[in-house]
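Inspection log for the structure reproduced underneath, given as structure tokens.
Numbering (my numbering), first residue to last: 1 to 83.
Structure, rendered in structure tokens:
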């Protein structure tokens, strides 16, 4: 993790989020105590993050497919006629 993320994992940060009343009511019903809500939301977010990894950057995608891209570029250049 980057330093700012690792720091927040050791020292929980307080934040505010806006959610629909229906969702908030369900959250308060399922986790009436503040600590319970924090633990529930942390668990939900961790599960979501694990199942939805961050997409690669464009550079990573290019590097991952560099050999294929090089073959295609070579193939295209082979068809070009240079006078």
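Every residue gets a Cβ at the ideal spot worked out from N, C-alpha and C, and that includes glycine.
Considering only 29, 47, 37, the residue with the shortest C-alpha distance to residue 15 is 37.
Taking C-alpha positions only, residue 54 is separated from residue 29 by approximately 32 Å. Judged by DSSP secondary structure, residue 76 falls within the alpha helix (DSSP H) whose first and last residues are 66-79. Inter-residue distance for residue 17 and residue 73 is about 48 Å (C-alpha atoms, whole angstroms). Per DSSP, residue 29 is one residue of the alpha helix (DSSP H) stretching across 21-30. The residues 27, 30, 31, in chain order, have a CB closer than 8 Å to that of residue 40 in the same chain once the five nearest residues on each side in sequence are set aside.
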